[in-house]
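Below: one structure, written as structure tokens.
2 protein chains.
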Amino acid sequence: MILYGHALSSASYRVRIALALKGLQVSSVLLNLRAGEQRLEEFLQINSQGFVPALATDDGVVLTQSVAIIEYLDEIHPEPPLLPKAPVARARVRALAQAIACDVHPLNNLRVLQYLENELQHDKATRETWYRHWVPGRRNRALLSRRCADHGGCVSGASGVQRAALCSGPSPVSTDRRDRRCLPRPARVSGSRAGTPGLSASSEAAAPGRAGAGPRPTMRRSAGP
Amino acid sequence: MILYGHALSSASYRVRIALALKGLQVSSVLLNLRAGEQRLEEFLQINSQGFVPALATDDGVVLTQSVAIIEYLDEIHPEPPLLPKAPVARARVRALAQAIACDVHPLNNLRVLQYLENELQHDKATRETWYRHWVPGRRNRALLSRRCADHGGCVSGASGVQRAALCSGPSPVSTDRRDRRCLPRPARVSGSRAGTPGLSASSEAAAPGRAGAGPRPTMRRSAGP
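Residue numbers (this note's numbering), protein chains in the order written: chain A, 20 to 244; chain B, 20 to 244.
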């Protein structure tokens, strides 16, 4: 399998966590998002939305959207499970994951920050304030903790913790590179990060392309304009 | 069951579609989001995130996040199915739904538009431009059509069309109230909207609280400050 991603992409990161939890090997192709490699025709042929992550299976099928990819991996490689068995518990773990994937990350993606900078002409300080406003920092930490408490009875099993951690794990990473003081620790969000093997094996530091992580494969630029 | 929502909330709308497709009856409680009823302690006791939709089951369990609720409904009421059976096809339909739920709607929610207006002091024209920039309008229509073509072989079954329609259906509704000229018709997005019974039964016009749709239940305000 080939995972097209970016070392600092939260959505790519959560797929790496799922792959690691499942013990699946994958080759990585990292795109330079700031240089717009995701919009090159070569990549649009792979994912016409022009987003990472995209996962090419060994059968040549390309899957997109991190949450859909994770559901797929859980269906074809059911051990260890990433969701509890009971429908209500599954819904609660999925809701926690969606709260990150739908309510936090989309607002702080590179394309949005670039729109704030280029189209709306906002300075760096304003963009930083925007970023922290939507990330579960001090302001939202109480709400997240409260929701975790709401769901505590249902996500206390290892599988529930893992699935919730898939989406909450990358959140402090992306926050971390901006303001270490407003970290919602995954342990607080998911109940227990420690002992969840995928979270360390798939960490940002271990991502291909990072210093000390081996050679950095990149998306070749096409010859076109 | 009780669905807490808002007539013009895309996320609430997609849950109504799922309920209608499954033939499930539900009572509706509509919140006045502009007045901030979702932030009242009375509602935070129901959904501490302060978002709609929230679905209270007959067992008194409250589920949140539209996509998680829809997955739950599909698990406990499997007929008619909202997803194909094959894992790759399921992943592709989920990806189409997530592309709307994660990449479009979060950027145009009321809280974001209010931030643009209040914190960033942007005028109405700038907010309208922002809104249309992220909604699948003219600019994104080609990409969405291309992705639908990519996935055509897998979402051609009725169940696939229905699930994709769950998320794509509300998109033109929310667009419609701003600019009828930039509608990506659901038929184009999902392959076939016509003949999908939930889409008409759960339409915005049929939502409780709309003119001609019967009395409008509202969230009672708490007596607190």
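All C-beta atoms in this analysis are idealised placements derived from N, C-alpha and C, irrespective of residue type, glycine included.
Closer than 6 angstroms by C-beta to residue i: which residues in its own chain qualify, once you throw out the five before and the five after it? Chain order, please.
i, result
"valine 45 (chain B)", "Met20, Leu22, Leu38"
"valine 34 (chain A)", "Pro72, Ser85, Ile88"
Do you know offhand how far residue i's Cα is from residue j's?
i, j, result
"valine 146 (chain B)", "glutamate 138 (chain B)", "Residue 146 (chain B) is actually arginine in this sequence, not valine. Whole-angstrom Cα-Cα distance: 13 angstroms."
"lysine 41 (chain B)", "valine 48 (chain A)", "41 angstroms"
"leucine 135 (chain B)", "glutamate 98 (chain B)", "42 angstroms"
"glycine 24 (chain A)", "asparagine 66 (chain B)", "34 angstroms"
"glycine 79 (chain B)", "asparagine 51 (chain A)", "48 angstroms"
"valine 107 (chain B)", "tyrosine 91 (chain A)", "7 angstroms"
"alanine 110 (chain A)", "proline 103 (chain A)", "9 angstroms"
"valine 112 (chain B)", "leucine 129 (chain A)", "25 angstroms"
"glutamate 56 (chain B)", "aspartate 93 (chain B)", "29 angstroms"
"leucine 43 (chain B)", "alanine 114 (chain B)", "25 angstroms"
"alanine 75 (chain A)", "alanine 144 (chain A)", "38 angstroms"
"alanine 118 (chain A)", "aspartate 77 (chain A)", "31 angstroms"
"phenylalanine 70 (chain B)", "alanine 54 (chain A)", "36 angstroms"
"leucine 101 (chain B)", "isoleucine 36 (chain A)", "27 angstroms"
"glutamine 133 (chain A)", "glutamine 133 (chain B)", "20 angstroms"
Which term fits residue i, buried or exposed, when burial requires 16 or more other beta carbons within 10 angstroms of its beta carbon?
i, result
"arginine 58 (chain A)", "exposed"
"proline 83 (chain B)", "According to the sequence displayed, residue 83 (chain B) carries threonine and not proline. It counts as buried."
"glutamate 61 (chain A)", "exposed"
"glycine 172 (chain B)", "For glycine 172 (chain B), the predicted model reports a pLDDT of 38, less than 50, meaning its position is unreliable and no value from the coordinates is stated."
"arginine 151 (chain A)", "buried"
"alanine 116 (chain B)", "buried"
Identify, in the order they occur along the chain, each residue of the same chain with its Cβ nearer than 7 angstroms to the Cβ of residue i, setting aside the five sequence neighbours on each side.
i, result
"tryptophan 153 (chain A)", "Val123, Leu126, Asn127"
"histidine 96 (chain B)", "Lys41, Leu43"
"alanine 105 (chain B)", "none"
"leucine 63 (chain A)", "Gly69"
Spatial neighbours of residue i within its chain, please: C-beta separation below 8 angstroms, excluding the five flanking residues on both sides.
i, result
"histidine 141 (chain A)", "Leu135, Trp149"
"glutamine 68 (chain A)", "Thr83"
"valine 81 (chain A)", "Ile65, Asn66, Ala73, Leu74, Ala75"
"valine 131 (chain B)", "Pro125"
"glycine 214 (chain B)", "At glycine 214 (chain B), the pLDDT of 45 sits below 50, so the modelled position is not reliable; the number obtained from the coordinates is stated separately. Within the same chain, glycine 214 (chain B) has no close Cβ partners at all."
Check whether the Cβ of residue i lies closer than 6 angstroms to any heavy atom of the ligand PLP, and answer yes or no.
i, result
"arginine 111 (chain A)", "For the structure depicted, the ligand PLP is absent and the ligand set is empty, with no information on it obtainable."
Inset, instruction - Answer yes if the segment 120 to 134 of chain A comes into contact with the segment 117 to 125 of chain B, meaning at least three C-beta pairs across the two stretches below 8 angstroms, and no otherwise. - result: yes
Inset, instruction - Ignoring anything shorter than 4 residues or poking outside the segment 119 to 160 of chain B, list the alpha helix (DSSP H) runs there in chain order. - result: 129 to 137, 143 to 153
Legend entry - Contained alpha helix (DSSP H) runs [length at least 4] in the segment 48 to 77 of chain B, N- to C-terminal order: 60 to 63
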